[in-house]
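Data block below; observations after.
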Amino acid sequence: MRPKWVGHSWGVLAWFCGLVFFAPVAWMFLTSLHSESDAATNPPSLLAPLTLEGYGEFFDAGAWPPLLNSFSASIGSTIIVLLLAIPAAYALSIRPVEKWTDVLFFFLSTKMMPVVAALLPIYLIAQFSGMLDNISFLTLLYTSMNLPIAVWLMRSFLSEVPKEILEAASIDGAGLLVILRRVVAPIAMPGIAATALICFIFSWNELLFARVLTGVVAGTAPVYLTGFVTSQGLFLAKVCAAAVVVSLPVLIAGFAAQDKLVQGLSLGAVK
Amino acid sequence: MAVMTQARPDTDDRPPPVPRKKVNRWATRAPLLPALIFLIIVTQLPFVATLVISFMKWNSLDPTNRGFAGIDNYVNVFTDPDLRSSVVNTIVLTASVVLISLVLGLGLALLLDKKFAGRGLVRTLLIAPFLVVPVAAALIWKHVLYNPEYGLFNGILNWLGFEAQPDWISSMPMTAVVLSLVWQWTPFMMLILLAGLQSKPVEPVEAATIDGASSFQIFRYLTFPHLRQYLELGGLLGSIYVVQNFDAVFTITSGGLGTANLPYMIYQTFYQAHEYGEASAAGVIVVAGSIIIATFALRTVSSLFKEEKR
């Protein structure tokens, strides 16, 4: 057999790669906990005293309204997506309509259209109907952005419900609602939760629509972050604190649902 | 229908199937309709409007001079050197980000497929870049890593005793954008390829090992063919997302220094230059390009999909 050190060296290499990829994230955390003058030294100061000043400044500068806007747009659109996607996925998997594969591919094809191609008409509609800078309008757009992925995902999760159990339940005389509640729901629940997380992450991350369609009132967290794009001088700790706070919900959700995240991003094609 | 019933006398004793069937058909379709109608209204109709506007002369700063423009906007898009270079930038950016992150992702997936202490933790560390909000990630690269005076890269050079303190973004703008995106997308490729590796059947590998196959032969003839469709899937999904990238270009270079890609260019043409017609024409061209990619993408996904149905 191979000598033991060969196996160890793969592990060491993997650890090295992992740390290299994680270093910018770790550095972001560390810098966010330094004072502005310690953050901007060259060579970098690893051992400078820790402080929460950066976070204090970030929240004092009015970070709450954009964060709350992001939460309401992301959670609102996720709920509407689930309400629309679950029945649609049911019609595509458990009791399939005829030509269901065509319908499924139509959903996917809408996702492949670059959003920039629809940006202008959507902006004009928002302008004419007085919905510019309005968080409800953004919520509806995020719903349409996530709906195709949610339908695909939910379909692949619902297809995992074994046909035999469904047949057995209906032979036993269970009605549709009972089957849905007792048989389908328990099996599909983790899938529904994963779909919800993925929709939340995509809405939370979105910048282009939010940047064009919102302004003072309805600006989201990513739009708020663009305020730092050209900032010069000693703002490193504040920029890092902002990046940490805005990324935190996604980091938590993503770490919690690592496997489902892959499945979601690959539209359920990878199990 | 009456003809059919006559042709099949054995169904005579059953209740007439026609009305029931009709109700059923609508009952199975009904759950699908809200989602379908919503998507058609919100995604398809705006594109029709884009198509119409692309043939119009329309600058919102010059409202009296609006009208039919024919193919002028398309001619402008194709002759404008800025727009042409944004097409090239889009291709360069997408191809390099997708290819580099696929190769790195494959290497990392192969490493993580081996058993070693703390494998779960390394996997979690590797996923982190993908979970940082894209604008936040781009900001970190711009201000915290690339900054020539107090960025981490030059800090490390200084630490190691090098005199050179390059200005990364202005000396290599495209590479700077690509590098930050490769950092974000490698974990995605790794996750998909790792899922592929872990779904690989064990028996053929064991049989090949017994037959004396080298580990390179096993990779070349067993692992790689199995991974192929996952590589295709990663490449195509990566392309769909990276082609549309706006956040990194907008944040790191603000489209300057020859890094503007099509999404950024369209954003600027419409939002800052107020050239609605030209922006729409560029949008239509992007869609035409995407349809070409999407055709391949759908074919790949549907081949995966057939396998699942089998």
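Here the protein sequences line up with chains A and B, keeping their order. Read in the working numbering, the first sequence has 153 at position 153, and its numbers run on one by one without any break. Read in the working numbering, the second sequence has 1091 at position 91, and its numbers run on one by one without any break. Every residue, glycine too, gets a C-beta built ideally from N, C-alpha and C.
Start and end residues, alpha helix (DSSP H) containing residue i
i, result
"A/D60", "E53 to D60"
"B/S1054", "It is not in any alpha helix (DSSP H) - B/S1054 carries neither H nor E in the DSSP assignment."
"B/L1191", "P1173 to Q1198"
"B/T1090", "P1081 to L1112"
"A/I165", "K163 to I171"
"A/V103", "W100 to M112"
"B/Q1229", "F1224 to V1243"
"A/G191", "A185 to N205"
"A/M131", "No alpha helix (DSSP H) holds A/M131; DSSP gives it neither H nor E."
"A/K238", "L236 to A256"
"B/N1154", "L1152 to W1159"
"B/I1127", "R1119 to L1131"
"B/I1218", "S1215 to I1218"
"B/G1255", "First-last for B/G1255: undefined, no H or E at that position."
"A/V212", "L208 to L213"
Chain-ordered chain A contacts of residue i [CB-CB under 7 Å]
i, result
"B/S1085", "The contacting residues do not exist; B/S1085 stays about 17 Å from chain A at best."
"B/R1299", "Result: empty, since nearest Cβ-Cβ is about 11 Å, beyond 7 Å."
"B/Y1271", "V212"
"B/F1246", "L207 and L208"
"B/I1091", "Residues of chain A passing the Cβ test: none, with the nearest at roughly 14 Å."
Partners in chain B for residue i, counting only beta-carbon separations shorter than 7 Å
i, result
"A/G62", "Here the premise fails: no neighbours, minimum Cβ distance about 17 Å."
"A/M113", "T1043, F1047, V1287 and S1290"
"A/N205", "V1133 and P1134"
"A/Y90", "P1031"
Beta-carbon proximity check, residue i vs residue j, cutoff 9 Å
i, j, result
"B/V1243", "B/L1262", "yes"
"A/A14", "B/K1142", "no"
"B/V1042", "A/L47", "no"
"B/A1109", "A/G11", "no"
"A/F21", "B/P1187", "yes"
"B/V1284", "B/T1050", "yes"
"B/L1194", "A/V151", "no"
"A/L84", "B/P1034", "yes"
"B/G1266", "B/A1282", "Here residue 1266 of chain B turns out to be Ile, not Gly, going by the sequence shown. Closer than 9 Å, so yes."
"B/N1076", "B/H1274", "no"
"B/V1088", "B/G1238", "no"
"A/A188", "A/I135", "no"
"A/M145", "A/F235", "no"
"A/C17", "B/L1102", "no"
"A/F202", "A/I122", "no"
"B/G1196", "B/Q1229", "yes"
"B/F1047", "A/A196", "no"
"B/S1170", "B/L1257", "yes"
"A/A193", "A/E57", "no"
"A/R155", "A/S109", "no"
"B/V1177", "B/T1253", "yes"
"B/N1024", "B/G1277", "no"
CA nearest to the CA of residue i, picked from the options
i, options, result
"B/G1120", "A/V116, A/A256 and A/F202", "A/A256"
"B/V1132", "A/L176, A/P24 and A/I135", "A/P24"
"B/A1279", "B/V1097, B/P1129, B/Q1184 and B/S1054", "B/S1054"
"B/A1137", "A/L261, A/V244 and A/G11", "A/V244"
"A/L64", "A/V217, A/I94 and A/V229", "It should be pointed out that residue 64 of chain A corresponds to Trp in this sequence rather than to Leu. The shortest Cα separation from A/W64 among A/V217, A/I94 and A/V229 belongs to A/V217."
"A/T41", "B/A1027, B/N1158 and B/W1183", "B/N1158"
"A/L124", "B/V1286, B/I1291 and B/Y1271", "B/Y1271"
"A/P43", "B/L1145, B/P1063 and B/F1219", "B/L1145"
"B/V1287", "B/I1037, B/I1100 and B/I1240", "B/I1240"
"A/P49", "A/R95, A/A237 and A/L207", "A/A237"
"B/I1091", "B/A1297, B/T1295 and B/S1290", "B/S1290"
"A/A89", "B/A1213, B/Y1150, B/L1111 and B/L1032", "B/L1032"
"B/M1190", "B/W1168, B/L1111 and B/S1170", "B/L1111"
"A/L248", "A/M112, A/G227, A/M28 and A/S9", "A/M28"
"B/M1056", "B/G1070, B/I1100 and B/Q1044", "B/G1070"
"A/G264", "A/V223, A/C199, A/A174 and A/V250", "A/C199"
"A/T298", "A/V239, A/V246, A/G62 and A/L153", "Absent from the structure is residue 298 of chain A, since the part of chain A shown begins at 1 and ends at 271."
Contact list for residue i against chain A, beta-carbon separation under 9 Å
i, result
"B/W1183", "F21 and P24"
"B/V1243", "P114"
"B/N1158", "N42, P43 and P44"
Contacts of residue i in chain A (Cβ-Cβ under 8 Å)
i, result
"B/I1240", "K111 and M112"
Under 9 Å by beta carbon: chain B residues contacting residue i
i, result
"A/L132", "Those within 9 Å of A/L132 in chain B number zero; the least Cβ separation is about 12 Å."
"A/S247", "L1131, V1132, V1133, A1136 and A1137"
"A/I179", "By Cβ distance, chain B contributes nothing, its closest Cβ being about 14 Å from A/I179, past 9 Å."
Chain B residues whose Cβ lies nearer than 8 Å to that of residue i
i, result
"A/T226", "V1135, F1250 and T1251"
"A/V103", "L1032 and L1036"
Proximity test, residue i beta-carbon vs the ligand NAP heavy atom, cut-off 8 Å
i, result
"B/A1282", "No copy of the ligand NAP appears in this structure; indeed no ligand is present at all."
Exercise for the section: Would you list, in chain order, the members of the region 20-43 of chain A that have their beta-carbon closer than 7 Å to a beta-carbon of chain B? Expected result: For the region 20-43 of chain A, which is checked against every Cβ of chain B, the residues closer than 7 Å are F21, F22, P24, V25, W27, M28, T31, A40, T41, N42 and P43.
Exercise for the section: Check distances from the C-beta atoms of the region 1122-1146 of chain B to those of chain A and list, in chain order, the residues that come in under 9 Å. Expected result: Taking 9 Å as the Cβ-Cβ cut-off against chain A, the residues of the region 1122-1146 of chain B that qualify are V1122, R1123, T1124, L1125, L1126, I1127, A1128, P1129, F1130, L1131, V1132, V1133, P1134, V1135, A1136, A1137, A1138, L1139, I1140, W1141, K1142, H1143, V1144 and L1145.
Practice task
Select from the region 56-80 of chain A all residues with a C-beta closer than 8 Å to any C-beta belonging to chain B, and list them in chain order.
Solution key: For the region 56-80 of chain A, the set of positions with a beta-carbon nearer than 8 Å to some beta-carbon of chain B is empty.
Exercise for the section: Determine which residues of the region 1184-1197 of chain B have a Cβ less than 9 Å from any Cβ of chain A, and write them out in chain order. Expected result: The residues in question are T1186, P1187, F1188, L1191, I1192, L1194, A1195 and G1196.
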